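Trainee: Supplied in structure tokens, the structure appears directly below.
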Amino acid sequence: MIYPWQTGDWERLQQLRSHWPHALLLHGQAGIGKLRFAQHLAQGLLCEAPKPNGEPCDTCPACKWLMQGNHPDYRIVVPEALAGEAGMPGAEDGEKAAEKGDKGDDDGKKSRTPSKEIRIEQVRALLDFAGVGSHRGGLRVVVLYPAEALNVAAANALLKTLEEPPAGVVFLLVSARVDRLLPTIISRCRQWPMTTPAPEAAESWLAAQGVAGASGLLAEAGGAPLAALALAHDENRTLRDWTIVQLSAGAACDAFACGETLQKLPVPLVLGWLQRWVYDLLAERTAGRPRYFPQANAALAHCAAKLDASALARYLKTVTRQRAVENHPLNARLVFEELFLGYRELFA
Ligand SMILES: [Zn+2]
């Protein structure tokens with residue numbers, strides 16, 4: 002099933018039916034359900050008794066295999082780090098591809114951390130799949146998620162295939178970061194923008210999922226309902242709220258307590274909170290409205306009134322610089338102490 006805000010996207014897509022492109026790039030904001038849409042579309046393309054609007058029937062053998070994750074004409078390719086996620090049956094992860102013995106040019110294969118990239122071994126395995134005929138006599142469908150995770154070698158290998166597409170194969174690329182894709186890949190795909198729901202629609206959907214305080218969460222998630230849902234179930238929510246209290250304290254922010262308390266959390270997570278908080282402070286300074294933490298409006302206004310806008314902008318650059326290296330091994334405690342000390346100094 003697709004999400005309720007995607008029915009318009011689905012209907013628009015039917016205009017492609019008569020001339021289905023060999024590669025479709027589904028793009029849009031993170032957390033709006035693009036992957037589920039792509040999987041549903043794959044099912045619709047493989048279904049052996051689709052409804053007039055292209056919806057899969059859910060009962061034919063093709064639909065059943067797809068839902069069980071073992072349709073022979075379907076592949077989904079994700080980074081190893083995402084392969085364990087629920088709802089991705091049949092994912093061809095890097096481990097399986099690497100076992101096929103191809104000594105790729107990617108580093109980190111022996112590291113214990115699962116790769117966040119789609120690697121060339123995975124794309125090569127895909128090309129083997131695309132090179133053989135259909136098992137069921139219909140289309141073969143490949144989902145690549147997220148397309149921005151393709152590393153350079155993998156993207157180039159895929160590009161060769163997109164330039165000379167094998168007959169009967171449909172590639173569905175899913176991306177929240179089109180700016181990170183090779184322009185040559187983009188130009189080989191039919192681009193398909195995906196809808197971010199209106200706030201009211203997203204809020205009522207979240208309420209139906211049993212989420213309390215939907216509007217605040219939705220704001221913090223930048224309007225993306227699935228990201229808001231993830232926030233609602235976020236085991237780190239208490240610590241996030243604690244961090245917001247620290248940031249709200251301005252000059253009284255306890256930088257060392259922040260280092261001590263937050264050091265066990267992933268660096269990107271904490272940097273994301275800090276970055277959004279500073280964005281909201283800047284919005285306050287420029288008479289805009291806070292985007293991410295509207296529920297902390299009063300604290301934001303109180304802090305922003307004491308800050309120098311150019312010093313704040315410089316500080317934001319410092320946080321952004323840290324984000325650029327956030328996936329490298331860092332001493333989280335020192336990074337946090339330094340950043341929260343820098344934040345406190347803004348109020349000196
Ligand atoms: Zn079916």
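All residue numbers for the sequence shown refer to my numbering, where the first residue is 2 and numbers rise by one. Think of the CB as a built atom: it goes at the ideal place given N, C-alpha and C, for glycine as much as any other residue. Computed from a prediction, not measured in an experiment: that's the story for all the values here.
So does Asp74 have its beta carbon nearer than 7 Å to some heavy atom of ligand 1?
Mentor: No, since every heavy atom of ligand 1 falls outside the 7 Å radius drawn around the Cβ of Asp74.
Trainee: Using 8 Å as the cut-off, can you tell me whether the region 311-318 makes contact with the region 249-268, which would need three or more C-beta pairs spanning the two stretches below that distance?
Mentor: Because the criterion of three Cβ pairs below 8 Å is not met, the region 311-318 and the region 249-268 do not touch.
Trainee: Val124 lies in the beta strand (DSSP E); which residues open and close that run?
Mentor: No beta strand (DSSP E) holds Val124; the alpha helix (DSSP H) holding it covers Ile121 to Gly132.
Trainee: Nearest by alpha-carbon distance to Ala333: which of Thr287, Gly289, Leu270 and Gly343 is it?
Mentor: Closest option to Ala333, Cα to Cα, is Leu270.
Trainee: Which same chain residues end up closer than 7 Å to Glu339 when comparing Cβ atoms and leaving out the 5 residues on each side of it in sequence?
Mentor: No residues qualify anywhere along the chain.
Trainee: Where does Arg238 land, buried or exposed, given buried means 16+ other C-beta within 10 angstroms?
Mentor: By the neighbour-count rule (16 or more Cβ atoms within 10 Å), Arg238 is not buried but exposed.
Trainee: Tell whether a beta-carbon distance below 8 Å holds between Gln7 and Ala177.
Mentor: Taking 8 Å as the Cβ cut-off, Gln7 and Ala177 do not qualify as a contacting pair.
Trainee: Roughly how many whole angstroms lie between the Cα atoms of Val170 and Gly55?
Mentor: Their backbone Cα atoms lie some 18 Å apart in a straight line.
Trainee: Can you give me the Cβ contacts of Pro194 inside the same chain, cut-off strictly under 8 Å, excluding the 5 residues immediately before and after it?
Mentor: Around Pro194: His28 and Gly29.
Trainee: Does the beta-carbon of Asp242 have 16 or more other beta-carbons within 10 angstroms, so that it is buried, or is it exposed?
Mentor: Burial call: exposed.
Trainee: Just tell me which of Arg189, Ala222 and Ala155 has its CA closest to the CA of Glu118.
Mentor: For the residues Arg189, Ala222 and Ala155, the minimum Cα distance to Glu118 belongs to Ala155.
Trainee: Could you tell me the alpha carbon to alpha carbon distance between Tyr4 and Gly289, rounded to whole angstroms?
Mentor: Tyr4 and Gly289: Cα-Cα distance of roughly 31 Å.
Trainee: Considering only residues of the same chain and omitting the five flanking positions on each side of Glu164, which have a CB-CB separation below 7 Å?
Mentor: Cβ within range, chain order: Arg189.
Trainee: Please classify Val326 as buried or exposed, where buried requires at least 16 neighbouring CB atoms within 10 angstroms.
Mentor: Flag for Val326 reads exposed.
Trainee: Determine the direct distance from the alpha carbon of Gln16 to that of Gly214, and round the result to whole angstroms.
Mentor: Cα to Cα, the separation comes out at about 38 Å.
Trainee: By Cβ distance below 8 Å, which residues in the same chain neighbour Tyr293 in space, the five residues on each side in sequence not counted?
Mentor: Counting only Cβ-Cβ distances below 8 Å, and skipping sequence neighbours, we find Ala220, Glu221, Gly223, Arg277, Trp278, Tyr280 and Asp281.
Trainee: So, helix, strand or coil for Tyr75, using DSSP?
Mentor: Three-state DSSP puts Tyr75 in a strand.
Trainee: I'd like the ranges of any alpha helix (DSSP H) spanning at least 4 consecutive residues and lying wholly in the region 251-320.
Mentor: Here the runs fully enclosed are 256-263, 268-286 and 298-305.
Trainee: Give me the residue from Lys161, Leu227 and Ala168 with the minimum Cα distance to Pro22.
Mentor: The option with the nearest alpha carbon to Pro22 is Ala168.
Trainee: Just list the beta strand (DSSP E) runs in the region 20-82, keeping only unbroken ones of 3 residues or longer that don't cross its boundaries, in chain order.
Mentor: Those beta strand (DSSP E) runs which fall completely within the region 20-82 and span 3+ residues are 24-28 and 75-78.
Trainee: Can you look up Gln192 in the DSSP assignment and give me helix, strand or coil?
Mentor: Looking at Gln192 - three-state DSSP - the assignment turns out to be strand.
Trainee: Can you tell me where the beta strand (DSSP E) holding Ser176 begins and where it ends?
Mentor: From DSSP, the beta strand (DSSP E) with Ser176 extends over Val170 to Ser176.
Trainee: So does Thr196 have its beta carbon nearer than 7 Å to some heavy atom of ligand 1?
Mentor: Not so, every heavy atom of ligand 1 lies at least 7 Å from the Cβ.
Trainee: Below 6 Å CB to CB, which residues in the same chain sit around Lys97 once its five sequence neighbours on both sides are set aside?
Mentor: Its pLDDT being 45, under 50, Lys97 is placed unreliably in this model, and the value from its coordinates should be taken loosely. Cβ neighbours of Lys97 beyond the five flanking positions: none.
Trainee: Determine the direct distance from the alpha carbon of Leu145 to that of Leu25, and round the result to whole angstroms.
Mentor: Looking at the two C-alpha atoms, the distance is approximately 10 Å.
Trainee: Just reading off the alpha helix (DSSP H) that Arg1 is part of, what are its end residues?
Mentor: Any property of residue 1 remains undetermined from this structure, which presents the chain solely from 2 to 349.
Trainee: Check this for me: beta carbons of Val124 and Leu159, under 8 Å apart or not?
Mentor: Against a cut-off of 8 Å, the Cβ pair of Leu159 and Val124 comes out as a contact.
Trainee: Excluding five sequence neighbours on each side, which residues of the same chain lie with their C-beta closer than 6 Å to the C-beta of Phe348?
Mentor: Contacts found: Gly251, Ala252 and Lys307.
Trainee: Roughly how many whole angstroms lie between the Cα atoms of Leu301 and Cys58?
Mentor: When rounded, the distance between both Cα atoms is 51 Å.
Trainee: Kindly list the residues whose CB is nearer than 7 Å to the CB of Ala233, restricted to its own chain and excluding five residues on each side of it in sequence; keep chain order.
Mentor: Closer than 7 Å at Cβ, skipping near neighbours: Val212 and Leu218.
Trainee: Return the CA-CA distance between Pro73 and Ala225, expressed in angstroms with no decimal places.
Mentor: Spanning the two alpha carbons is a distance of roughly 33 Å.
Trainee: For the alpha helix (DSSP H) holding Arg345, just list the boundary residues, first then last.
Mentor: Unbroken alpha helix (DSSP H) run through Arg345: Ala333 to Glu346.
Trainee: Quick one: Cα of Val79 to Cα of Asn157, how far?
Mentor: Taking the straight line joining both Cα atoms gives about 17 Å.
Trainee: Report the residue from Val268, Trp274 and Thr321 whose alpha carbon sits nearest the alpha carbon of Val336.
Mentor: Closest option to Val336, Cα to Cα, is Val268.
Trainee: Considering only DSSP beta bridges, list what Val144 is partnered with.
Mentor: Answer is Ile77 and Leu173, bridged to Val144.
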